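Undergrad:
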Amino acid sequence: MTEQLCTYRFGPAGPARVLAIHGLTGHGKRWESLFTRHLSDIPAVAPDLVGHGRSSWDAPWTIEANVAALTALLDAEAEGPVVGPVVVVGHSFGGAIALNLAAARPDLIAELVLLDPAVGLDGQWMREIADEMYTSPDYTDREEARQEKIGGSWGEVAEDELDRELDEHLVASAGGRVGWRISIPAMLCYWSELTRPAVIPRDGTPTTLVRATRTDPPYAGDELVAALDAGLGPNFTLLEWDCDHMVPLARPAETARLIRDLLP
């Protein structure tokens, strides 16, 4: 299924040491600044998930479909010079996918880094978000899209990073409007996927969870933390950072240090 994924590569040539998985409505190039500015010596791969960006928008739109595509991608990486399992970094919805990937193929993963993962979220909350997206899936113009980001969880993200997001991810929509380069039907399905309970890696894959303390209600709730702590024991680490939900963009230097420290 690797042909379904548009994949971006950062760092020197060679098999990836890091797999970076973006969040819902995002894209793989969101990781570009992190790796080019802070981890330029580390080979990394960052795909657009199914229904996002330049990857396939064909159904099914499920966690399992993305896990299958990412498994194929990592299996292909393993066919090159052997560098061992990778560190998987997942932001938001990417954290949910990372946990399921680790449960399905623990042999491919050395460490999990979950950046404010969106797992086991409230069904009513997700319905409200899905209803809003269904009713208003796009924007009048670029400035309206910018203000929506700034007024939401992107308020701490640097202006040049927001400009790159708009340049890469905002495209023409119907009637002269603009919208994100995403499949709206896929997104509506994925909001439901965020309500699924946490899947704990069965072999105790070392896992670090970064919880953003300015997100209210929290994406990484107490039930998720308790489940990971009970299931992983000493292999689980909880970090709490004073930031909003866009952790890798709001705190890139700290995120890079965390990843580097965990590389095998």
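Residue numbering for the sequence shown follows this note's numbering, beginning at 16 and increasing consecutively. By construction, the Cβ of each residue, glycine as well, lies at the ideal position given by its N, Cα and C atoms. Small disclaimer: the values here were computed from a predicted structure and weren't measured.
(1) Leaving out five residues before and five after Leu181 in sequence, what residues of the same chain have Cβ atoms less than 7 Å from its Cβ?
(2) Can you give the beta carbon distance from Leu243 to Thr222, rounded, assuming they're within the 8 Å contact cut?
(3) If we call anything under 8 Å between Cβ atoms a contact, is Ile124 one with Val104?
(4) Buried or exposed: where does Pro279 fall if 16 or more other Cβ atoms within 10 Å of its Cβ makes it buried?
(5) Report the option in Leu116, Leu129, Ser55 whose CA atom is closest to the CA atom of Arg217.
(6) Would you check if the distance between the CB atom of Met261 and the CB atom of Ser168 is smaller than 8 Å?
(7) What did DSSP end up calling Val240 once you bin it into helix, strand or coil?
(8) Please confirm whether Val225 and Leu136 have their CB atoms less than 8 Å apart.
(9) With a threshold of 8 Å, are at least 3 pairs of Cβ atoms found where one atom belongs to the stretch 71 to 79 and the other to the stretch 133 to 148?
(10) Indicate whether Trp72 and Ser198 have their beta-carbon atoms separated by less than 8 Å.
(11) From which residue to which residue does the beta strand (DSSP E) around Tyr23 run?
(12) Can you name, in chain order, every residue of its own chain whose Cβ lies under 8 Å from the Cβ of Arg211, other than the five neighbours on each side?
(13) What residues in its chain sit with their C-beta under 6 Å from that of Arg275, if we drop five residues either side in the sequence?
(14) Go ahead and label Ser107 buried or exposed: buried means 16 or more other beta carbons lie within 10 angstroms of its beta carbon, across all protein chains shown.
TA: Walking through what the data contain:
(1) Reading the sequence shown from its first residue, position 166 is the one you call residue 181. Annotation for Leu181: Arg157, Ala160, Arg161 place their beta carbon closer than 7 Å to its own, counting only its chain and skipping 5 residues before and after.
(2) In the sequence shown, residue 243 corresponds to position 228, counting from 1. In the sequence shown, residue 222 corresponds to position 207, counting from 1. Leu243 to Thr222, Cβ: 6 Å. Contact.
(3) Looking up residue 124 in the sequence shown gives position 109. Looking up residue 104 in the sequence shown gives position 89. Taking 8 Å as the Cβ cut-off, Ile124 and Val104 do not qualify as a contacting pair.
(4) Here residue 279 is taken as the residue at index 264 of the sequence shown, counted from 1. Looking at its Cβ environment, which holds fewer than 16 other Cβ atoms inside 10 Å, Pro279 is exposed.
(5) Here the question's residue 217 lines up with position 202 in the sequence shown. Its Cα nearest to that of Arg217, the residue Leu116 stands out among Leu116, Leu129, Ser55.
(6) Locating residue 261 in the sequence shown gives position 246, where the first residue counts as 1. Locating residue 168 in the sequence shown gives position 153, where the first residue counts as 1. Contact: yes.
(7) For the purposes of this step, residue 240 is identified with residue 225 of the sequence shown, where counting begins at 1. Looking at Val240 - three-state DSSP - the assignment turns out to be helix.
(8) As a working mapping, residue 225 is identified with position 210 in the sequence shown. As a working mapping, residue 136 is identified with position 121 in the sequence shown. Taking 8 Å as the cut-off, the Cβ atoms of Val225 and Leu136 do not count as close.
(9) Fewer than three beta-carbon pairs drawn from the stretch 71 to 79 and the stretch 133 to 148 are found closer than 8 Å, and the two stretches are therefore not classed as touching.
(10) Locating residue 72 in the sequence shown gives position 57, counting from the first residue. Locating residue 198 in the sequence shown gives position 183, counting from the first residue. Yes.
(11) Here the question's residue 23 lines up with position 8 in the sequence shown. Where Tyr23 is concerned, the enclosing beta strand (DSSP E) starts and stops at 22 to 25.
(12) Counting from 1 along the sequence shown, the entry for residue 211 is found at position 196. Hits under 8 Å: Ile78, Ala111, Val134, Gly135.
(13) For the purposes of this step, residue 275 is taken as residue 260 along the sequence shown, with counting starting at 1. Close CB contacts of Arg275 within its chain, under the 6 Å cut and outside five residues either way in sequence, are absent.
(14) Against the sequence shown, residue 107 aligns to sequence position 92. Per the 10 Å Cβ criterion, buried.
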